[in-house]
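Reviewing the structure listed below.
Protein chains: 4
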Amino acid sequence: MSLPTKNFLKEISLQTDHSKKPTEKQQKIIEAAIKMFAEKGYANTSTSEIAKEAGVAEGTIFRHYRTKDRLLLSILLPFIKKSFPSIAEGVFKEINLDQLTSFEAFLKALITNRIEFIKAHKEIFRILIKEILYNEKLKKELEPFVIKNILSRILPMIERFKEQGELVDLPAETIMRILFTHLFGYFISRFLILPDDIVQDEEAEVEILVNFIMEGLKKRS
Amino acid sequence: MSLPTKNFLKEISLQTDHSKKPTEKQQKIIEAAIKMFAEKGYANTSTSEIAKEAGVAEGTIFRHYRTKDRLLLSILLPFIKKSFPSIAEGVFKEINLDQLTSFEAFLKALITNRIEFIKAHKEIFRILIKEILYNEKLKKELEPFVIKNILSRILPMIERFKEQGELVDLPAETIMRILFTHLFGYFISRFLILPDDIVQDEEAEVEILVNFIMEGLKKRS
Amino acid sequence: MSLPTKNFLKEISLQTDHSKKPTEKQQKIIEAAIKMFAEKGYANTSTSEIAKEAGVAEGTIFRHYRTKDRLLLSILLPFIKKSFPSIAEGVFKEINLDQLTSFEAFLKALITNRIEFIKAHKEIFRILIKEILYNEKLKKELEPFVIKNILSRILPMIERFKEQGELVDLPAETIMRILFTHLFGYFISRFLILPDDIVQDEEAEVEILVNFIMEGLKKRS
Amino acid sequence: MSLPTKNFLKEISLQTDHSKKPTEKQQKIIEAAIKMFAEKGYANTSTSEIAKEAGVAEGTIFRHYRTKDRLLLSILLPFIKKSFPSIAEGVFKEINLDQLTSFEAFLKALITNRIEFIKAHKEIFRILIKEILYNEKLKKELEPFVIKNILSRILPMIERFKEQGELVDLPAETIMRILFTHLFGYFISRFLILPDDIVQDEEAEVEILVNFIMEGLKKRS
DNA sequence: GATGAATGAGCTTTCATTCAT
DNA sequence: CATGAATGAAAGCTCATTCAT
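Chains as they are written, first to last, in the working numbering: chain Y, 286 to 506; chain X, 286 to 506; chain D, 286 to 506; chain A, 286 to 506.
Written as structure tokens, this is what we have:
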């Protein structure tokens with residue numbers, strides 16, 4: 286895949302101008318593409334397969350999305366915008382941060398929020414992860430974007446809780462990395478590798494996960 | 286990719302018949318393929334690229350490996366044989382299990398051992414993970430193999446330590462799943478997503494990781 | 286060549302679904318393929334040669350016929366349907382059988398009819414014969430079809446004329462075989478080996494041929 | 286197939302210089318090639334298949350025969366020399382022509398002789414016919430050779446018997462063509478299309494065949 | 001806007017042939 | 001002599017993309 290633009294962020298905002306409502310055919314195409322990309326991966330899915338699955342002519346795909354690349358981006362970009370940048374914002378909006386007296390409460394809110402989000406967009410999440418891993422280019426282009434949006438928001442949060450004496454005495458970046466490694470790893474394991482319905486008691490699952498991380502990160506006395 | 290055989294395990298043992306020493310060119314081909322598959326993924330790498338990278342004619346690849354599929358398997362199968370089946374065996378051989386009085390010690394030995402193994406074959410690990418995620422077929426064929434080899438060995442171990450009162454009072458399968466999710470997730474995050482040299486103090490890293498998991502899994506008093 | 290189906294007869298009827306009108310390019314492709322297959326044989330003709338001859342892109346061939354195999358079948362199947370099953374039917378339709386008082390008259394009608402048919406499709410006939418000889422698989426798949434359609438129609442005819450005392454006292458199968466051997470042999474010699482225009486007086490030719498066969502087969506007194 | 290020489294006849298005599306006895310490996314190669322060419326046709330048989338069947342290395346084939354073409358010729362040329370040029374000679378040698386008072390006796394001797402010859406070299410005969418039909422070039426190069434050798438010998442014979450009043454009053458060329466068409470057609474039908482062992486009583490078969498032809502060709506009173 | 005025929009670049013694979021050992 | 005690794009040209013085929021209708 287050769288991404289059509291060098292400036293990923295600009296592309297995202299340009300893409301936003303798609304204020305026009307998608308036609309019924311467009312909807313069908315997107316649905317078909319999501320299904321097949323998630324199943325077989327972008328590179329293993331041909332546009333003709335998508336067209337057949339969507340019940341449209343192959344030309345129709347290109348009329349709307351110009352290239353296969355942009356079809357992928359049309360799926361991923363809205364998802365990325367809704368997920369990464371707001372990774373904390375979403376939390377912040379739904380929770381009154383001031384009332385979060387503990388890092389544990391913050392973490393629980395964050396994880397619950399993200400799990401729900403991924404569950405609501407499971408297939409697109411799968412596509413994104415697969416392509417990040419498979420496609421060095423996409424990964425590279427996403428990296429600064431993620432760093433800017435996630436790190437910049439979470440790091441201060443960590444600093445604050447460190448000051449409050451809630452977290453282990455490690456550099457904030459290290460804590461960040463540990464947190465990220467485990468959370469991200471958890472999401473991939475759970476949503477890309479394990480069977481779909483393995484977790485039954487979601488609340489208990491989050492409880493364990495938070496406990497897990499907290500015990501690893503909380504200040505040792 | 287259409288895997289050339291239905292019986293993955295048989296294929297593995299047949300593949301062992303590599304009694305003939307590989308040519309110099311064969312070595313070059315394998316090296317080039319590993320490099321490119323790890324970088325761009327199997328589906329995004331053409332055999333002509335591999336040939337060019339290896340400095341051989343494209344025909345030479347097919348003289349030795351018959352298909353692109355089998356080239357991939359030639360890389361993955363030896364790795365799988367060395368990694369999955371022995372995931373605990375390796376640990377058992379190097380450590381005197383009887384002396385492992387605690388689950389923590391066992392976990393530390395296991396993780397250290399596997400990290401070293403992956404570090405020694407980082408690129409092949411990347412290829413394997415990428416293809417497992419990207420290629421539903423490979424995943425499906427690997428699943429029973431993994432279940433048989435990993436679960437059957439680790440589960441008894443967990444039972445034992447549960448009986449010794451070291452582990453949280455959850456079903457062994459749940460503990461297993463939690464352990465797997467986090468370890469696997471950790472490996473993927475660390476070796477496929479984060480930059481190569483982010484971990485400097487490996488011993489401390491394992492310490493944190495084990496601590497992390499132990500705190501989450503140990504018996505709560 | 287690996288024929289795409291096991292059931293030749295089914296394939297034939299499926300193929301009939303050619304309800305869509307062929308494109309102009311499709312027509313060109315078929316014409317070019319017929320010309321080149323007849324000239325050089327299927328195996329010695331490359332799809333790129335056909336494309337060049339037809340004045341289309343190579344991809345166009347595969348868009349319409351999926352494989353080189355099916356291109357060949359697209360040419361042969363309609364011909365087979367029109368030729369073999371009706372080998373006698375065509376005769377029966379055009380001639381009032383009841384009025385055929387003699388085997389000689391029947392034979393003459395049959396031969397005249399088939400010669401005209403082959404002359405009208407000389408190139409396809411050549412392709413078919415060549416492939417039957419060259420391609421064991423095609424021959425095998427065609428065999429039961431031919432037996433069913435030809436033998437079952439001609440044998441009763443022979444029996445009838447034997448009863449009328451017109452034919453030599455040999456088993457009907459033997460007469461059938463002799464007839465077949467000579468007719469088929471004649472067609473191959475004439476249309477595949479001898480120059481195109483060697484026969485000038487067609488009527489005389491048939492006369493000689495029928496005479497030839499009749500003298501060999503008629504009842505000896 | 287691109288025949289390696291323009292002058293077929295010269296090639297034949299050059300080839301004769303192979304007075305050296307073939308090695309055991311050469312024998313194996315020739316046998317394997319004959320078997321596979323007869324079965325699948327020249328174009329559908331790869332040199333590596335031949336090598337495997339013969340139990341030699343692929344290089345060995347090329348060491349002895351330089352090209353795949355020449356391997357084919359090594360098989361066909363001796364056969365052609367023994368068959369076509371002597372088509373009558375063989376007859377002449379074995380039979381005392383002067384004693385042949387009738388065309389029928391000549392024909393019977395000729396046919397019996399040729400049937401035995403083909404039966405002794407059935408596979409090579411098949412290869413030759415297949416390639417003559419499949420390969421326009423070979424056919425073209427063989428044509429003058431055949432004309433020169435066959436026509437020049439049989440035509441005078443026909444003239445002679447015509448003068449003796451044994452044959453129908455048609456131009457000798459026409460009689461020749463009819464004879465050729467039927468004989469050649471008969472051989473192809475019998476040895477390439479019908480099953481191997483369909484003829485049980487060979488003597489009766491020849492009897493019928495000769496009768497067949499004679500009745501067609503003999504002088505009508 | 002929607003279609004699907006047409007394209008051509010590029011893919012995997014085959015194969016006759018060469019040549020160092 | 002025999003081998004088989006290596007070659008590269010050409011084969012059949014796929015696929016994203018274009019464009020006339």
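Glycine is no exception: its CB is placed at the ideal position from the N, C-alpha and C atoms.
- Going by beta carbons, Ile360/X and Ile314/X fall outside the 8 Å limit.
- Taken in chain order, the members of the segment 460 to 476 of chain D whose beta-carbon sits within less than 8 Å of a beta-carbon on chain A are Arg462, Ile463, Phe465, Thr466, His467, Phe469, Gly470, Tyr471, Phe472, Ile473, Ser474 and Arg475.
- Linking Leu358/X to Arg475/Y through their CA atoms gives a straight-line distance of about 26 Å.
- The beta-carbon of Phe497/D is placed less than 8 Å from the nearest beta-carbon of chain A.
- Two segments are said to touch when three or more pairs of C-beta atoms, one from each, lie closer than 8 Å; by this definition the segment 467 to 474 of chain X touches the segment 449 to 468 of chain Y.
- For the 8 Å CB-CB criterion, Ile417/X and Leu423/X form a contact.
- By the C-beta density criterion, Gln485/X is exposed, having fewer than 16 other C-beta atoms within 10 angstroms.
- When the Cα atoms are used, Ala318/Y and Leu455/Y turn out to be separated by approximately 44 Å.
- Interface annotation for the segment 320 to 341 of chain Y against chain X: Glu324, Lys325, Gly326, Ala328 and Asn329, criterion Cβ-Cβ distance under 7 Å.
- Going by DSSP, Asp354/X is part of the alpha helix (DSSP H) stretching over Lys353 to Ser368.
- Per the Cβ contact rule, the segment 438 to 453 of chain A is not in contact with the segment 344 to 352 of chain A (fewer than 3 Cβ pairs under 8 Å).
- Secondary structure note for Gln312/Y: its alpha helix (DSSP H) is the uninterrupted segment Glu309 to Lys325.
- Just measuring C-alpha positions, the residue of Ser368/X, Met321/X and Phe364/X sitting nearest Asn434/X is Ser368/X.
- Chain-ordered, the chain A residues with CB closer than 9 Å to the CB of Leu418/D read Gly326, Arg411, Ile414, Lys415, Leu418, Tyr419, Ile473, Leu477 and Ile478.
- Per DSSP, the continuous alpha helix (DSSP H) segment holding Ile463/X begins and ends at Ala457 to Ile473.
- The beta carbon of Gly501/D falls within 8 Å of a beta carbon belonging to chain A, placing the residue at that interface.
- In terms of Cβ geometry, Ile493/A and Gly501/D form a close pair [threshold 8 Å].
- Shortest Cα-Cα distance from Gly450/D to any of Gly326/D, Ser387/D and Lys337/D involves Ser387/D.
- Remark: C-beta atoms of Glu421/X and Glu324/Y approach each other more closely than 8 Å.
- At the C-beta level, Lys320/D and Val341/D stay beyond 8 Å of one another.
- Exposure of Ala405/Y is indicated by the presence of fewer than 16 other C-beta atoms within 10 angstroms of its C-beta.
- Taking the C-beta atoms as reference points, Ala328/Y is found nearer than 8 Å to Gly326/X.
- Here DSSP, grouped into helix, strand and coil, assigns Leu452/D to strand.
- Chain-order list of chain D residues neighbouring Ile400/A: empty, with the shortest C-beta distance near 13 Å, by a criterion of under 8 Å.
- Spatial neighbours of Leu356/A in its own chain (CB-CB distance under 7 Å, excluding positions within 5 residues in sequence) are listed in chain order as Ala318, Ile346 and Tyr350.
- With 16 or more neighbouring CB atoms inside 10 Å of its own CB, Ile498/Y falls in the buried class.
- Per DSSP, Ala342/D lies in no alpha helix (DSSP H) and is assigned neither H nor E.
- Counting the other CB atoms within 10 Å of its CB gives Thr308/Y a total below 16, which places it among the exposed residues.
- Using beta-carbon distances, Ile483/X counts as an interface residue toward chain Y, with a partner under 8 Å.
- Cβ-Cβ distances below 7 Å link Thr330/Y to Met321 and Phe322 in the same chain, with the five nearest sequence neighbours on each side left out; the list follows chain order.
- Leu362/D is the residue among Lys393/D, Leu362/D and Ala336/D whose C-alpha sits nearest the C-alpha of Leu427/D.
- The three-state secondary structure of Lys306/D, taken from DSSP, is coil.
- Proximity of Ile443/D to chain A, defined by a Cβ-Cβ separation below 8 Å, is not satisfied.
- Sorting Ile365/X, Glu490/X and Val453/X by C-alpha distance to the C-alpha of Phe430/X places Ile365/X at the top.
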